[in-house]
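J.: Taking the UniProt record's numbering, the leading residue of the sequence shown gets 1, the next gets one more, and so forth. All residues carry an ideal CB built from backbone N, CA and C; glycine is no exception.
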Amino acid sequence: MQPRLTPGNVPPAGPELVRLEGLRRTYGDTVAVRGADLVLRRGEVHALCGHNGAGKSTVVRMLSGQETPDAGTITIAGEQVRLRNRRSAQAAGVALVDQELSVVPALTVAENLVLGDQAAGWLYRRRQVRSRARKMLDELGLDHIDPYQQLSTLGLGERQLVEIARAFGQHAQVVILDEPTATLSDVESERVYDAVRRVAAAGSAVLFVSHRLGEVLELCDRVTVMRDGAVVADVASADLTVNALIRHMLGEAPTTLDKQPAADGEIALRLIDVAVPHRFESLSLDARAGTVYAFAGQVGSGAADVLRAVAGLEPSLRGRVSLGGRRVSSGSPASAARAGIAFASGDRKSEGLFLSRSVGVNLLATRIPDLATGGLVRRGRWRRTQQQVAAECGIDAPLATRVGDLSGGNQQKVFVGRALGRSDVKVLILDEPTRGVDVGGRANIHQLVRRAAEDGLVVLFASTELDELLDLADVVVTMHKGRVVAQHRGEVSDDTLLYEMTHGTSAMVGGRQ
Ligand SMILES: Nc1ncnc2c1ncn2[C@@H]1O[C@H](COP(=O)(O)OP(=O)(O)OP(=O)(O)O)[C@@H](O)[C@H]1O
C-alpha cells in the first residue's frame, strides 16, 4: 500500500520529466495556443488552469498525440519526441483521461480496462483479463464495481472512474487528467485524489486540468495558468489563494452572485408520489414559480434521475407529474416539452447540441416558434436575438463558429443558454449546469438561472458541488441511494448537506450537528 500523502509530507518534486517549449497551434484564424512553455517533474501533480477557451485542451491534445503542434518541441525523459497519434503518445509513456469519455458502453468494465493497452495483448484470456481488471479497480479503491458488469449499466461518474483506472493501470510516466472530477461526487473525487497522489508518489508526473480551484490548490504542487492561448503564470500552490488564482485566470477580480430570497409564488409543478424502479423511491414535491430547487446527491443517489423523470425521459415513471393543474403525460420527452418543461442534461454530447451547426443556430433552434411571424423569421430579428442571447450567456466566440469547435465550457454555455428565455417554458431543468465551466462562465450561468426564476419559472437542478448548491438554490432536497433524506429552505450549512448526501440520514436525526 502506498503511503497517503498530505500537504505536509509531499516530497520535493523530482527531476524534470516533460518539457514543452514554444508550443503553438492554430485552427484557421484562431490561435488556440501561442508559444506555451511547461515543465513537469517526476513525483509532481501539476495543475493546468485557465478560463474556457484559454487553450488547455489544445495543450493536452498535443501532449497526448491527438494534434501535432505547428511549432515548438515536446521532450520526454530527455528525448525530443514527435507524437503523431494517441498510440505513439502511449508508447512514449503518456496516458490521457479524456474530458469527454472514451470508454465503450457496450463492453464490460474489464474489457474497457484492457482496451488499448499494448502490454495486454497476451492477456486475452477471460480469467486473466478479469483478474487484471480487478487489480486495476482495487488500486483506485473501486471495490464496488464488478469487472463483468457491462459499462452501460454504470452511471456517468462511475464510467469516468473506470476510465481513470484504465489510465492508471497502464503505468504511464505521464498521466493527464482532463477535468477528471467534473462529473464526480465529492466521495468519488476523493478516490481520484487518492489515486493521483499514489501515481505521483510512484514517480510519475500528473497533469491535472480542472476548473475546481479549491481542489487544484489542495491536490496540486504547482499550477500553470493559461489565458488567451498563452501561459501567464507558473506558481507553487503553496504561494496561491483561490482569489489570486482567479485573478491570474481572468486578469481581474472575481464577481459573486447576489442571491435574492425567492418570493412565495404559486404552486406550479407538482410531483405526487413519483418513483422510478431501481432509481429512486416515491417522492412528492410542490414546486413554486420563481423558486430554484436543487436535488443534491452523490452519483447514484437518484438526484439526476428525478430530473430526467420530470423531463419525460424515464418511461417506467410511476406517480403523477402535473403542471399548472394539468397532468403531464409521463415517459415522453415530447409531451413534457409541449407542457413547458425544458431540460438541459448533464451529457451535452449525446443529448444536446448540434455539434456541426453554428453557435447562432444552436442558440435559437428551439425558439423558432417564438420568433416567427406567419411562419417566417425575419433575418434582422434572428440575428439580434442570437447576439442578445450569446451576450447574456457570456459566449465570446463568433456566432458562426461550429459548436463542435468550441471549448467544452463554451459548449455548456450554449447548451444552457438555449434553454433560457423561451416564452413557452415554465419549468427549467438543468443537470449539473456548470459542469466543465470556468469561474467567469459559471457566474454567467448562475445569473441566468436566477433571472429565469425571477421571471417566474420553476427551476430544478441537480448538482454534486456544495458551493453550487449553496450559491444557487432556494430549496435543497438531499438524496441518498434513491431516497430523499431532507428538504431545506433557507440557510443550510455545507457540513449538513455533505453529511446527508454521504450518510443518508439527516444530521439532526443522526445525532451529529
Ligand atoms: N478543432 C478546432 N477548430 C477550431 N477552433 C478550435 C478547435 N479546438 C479549439 N479551438 C479554439 O481554440 C481555443 C482554445 O480552445 P481549448 O479547447 O484548448 O480551450 P480550453 O482552455 O480547453 O477550454 P475549456 O476549459 O472550455 O475546455 C478556443 O478559442 C477554441 O474555440
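1) I need the boundaries of the alpha helix (DSSP H) containing residue 574, first residue and last residue.
2) Straight-line CA distance for D273 to L307?
3) Between A473, D495 and M501, which has its C-alpha nearest A486's C-alpha?
4) Let me check you understand the geometry: is the CB of Y27 closer than 7 Å to at least one non-hydrogen atom of ligand 1?
5) Determine the extent of the beta strand (DSSP E) in which G319 is found, giving its start and end residues.
6) Indicate the three-state DSSP secondary structure (helix, strand or coil) for R84 in the structure shown.
7) Looking at the unbroken alpha helix (DSSP H) that takes in R451, where does it start and where does it end?
8) Under 8 Å: do the stretch 20–34 and the stretch 69–79 share three or more Cβ pairs, one atom per stretch?
9) Report the three-state DSSP secondary structure of Y27 (helix, strand or coil).
10) Taking only the alpha-carbon atoms, compute the straight-line gap between T256 and R442 and give it to the nearest angstrom.
11) Can you tell me whether Y27 is buried or exposed? The criterion is at least 16 other CB atoms within 10 Å of its CB, across all chains shown.
12) Am I right that L317 and G331 are in contact with their C-beta atoms under 8 Å? What's the rounded C-beta distance?
13) Check whether the stretch 47–67 and the stretch 202–212 touch, using three or more Cβ-Cβ pairs below 8 Å as the test.
14) Does the distance from the C-beta atom of G325 to that of T291 stay below 8 Å?
15) By DSSP's criteria, M479 is part of a beta bridge. Which residues make up the other side?
16) For the alpha helix (DSSP H) that contains H248, what are its first and last residues?
17) By the 10 Å Cβ neighbour count, where 16 or more other Cβ atoms means buried, how is H144 classified, buried or exposed?
18) Do A275 and S282 come within 8 Å of each other at the CB atom, strictly closer than that value?
19) Count the other CB atoms, across all protein chains shown, that sit within 10 Å of the CB of N243; report buried if there are 16 or more and exposed otherwise.
20) So the alpha helix (DSSP H) L363 belongs to, where does it begin and stop?
21) Inspect the beta-carbon positions of L63 and A205 and report whether they are closer than 8 Å.
22) Classify T58 as helix, strand or coil using the three-state DSSP reduction.
23) So does the stretch 223–239 actually touch the stretch 460–471, counting three or more Cβ pairs closer than 8 Å?
24) Spatial neighbours of D228 within its chain, please: C-beta separation below 7 Å, excluding the five flanking residues on both sides.
25) Does at least one heavy atom of ligand 2 sit under 7 Å from the Cβ of G55?
T.: Taking the coordinates as given:
1) Any property of residue 574 remains undetermined from this structure, which presents the chain solely from 1 to 513.
2) Looking at the two C-alpha atoms, the distance is approximately 14 Å.
3) A486 has its Cα closest to that of M501, out of A473, D495 and M501.
4) Under cutoff, so the answer is yes.
5) In the DSSP annotation of this structure, the continuous segment of the beta strand (DSSP E) that includes G319 starts and ends at R318 to L323.
6) R84: coil per DSSP, three-state reduction.
7) Taken as a continuous stretch (DSSP letters only), the alpha helix (DSSP H) holding R451 covers V439 to E454.
8) Three or more Cβ pairs closer than 8 Å define a contact, and the stretch 20–34 meets that threshold against the stretch 69–79.
9) Looking at Y27 - three-state DSSP - the assignment turns out to be strand.
10) Low local confidence applies: a pLDDT of 49 at T256 is under 50, so the model's placement there is unreliable, with the coordinate-based value given in what follows. Rounded to the nearest angstrom, the two C-alpha atoms are 10 Å apart.
11) Burial call: exposed.
12) Indeed, because the Cβ distance is near 6 Å, the residues count as touching under 8 Å.
13) At 8 Å Cβ cutoff, the stretches touch.
14) No, these two residues do not count as a Cβ contact at 8 Å.
15) Answer is V484.
16) V242 to L250 is the span of the alpha helix (DSSP H), which, as asked, contains H248.
17) H144 comes out exposed.
18) Contact flag set, yes.
19) Flag for N243 reads exposed.
20) Where L363 is concerned, the enclosing alpha helix (DSSP H) stretches over V359 to L364.
21) The criterion of a C-beta distance shorter than 8 Å is not satisfied by L63 and A205.
22) T58 falls in the helix class under three-state DSSP.
23) As far as the Cβ criterion goes, the stretch 223–239 does not touch the stretch 460–471, which means the pair count is below three.
24) Residues A54 of the same chain have their beta carbon placed closer than 7 Å to that of D228, with the five preceding and five following residues left out of the count.
25) By its list of ligands, the structure shown excludes ligand 2, since it contains just ligand 1.
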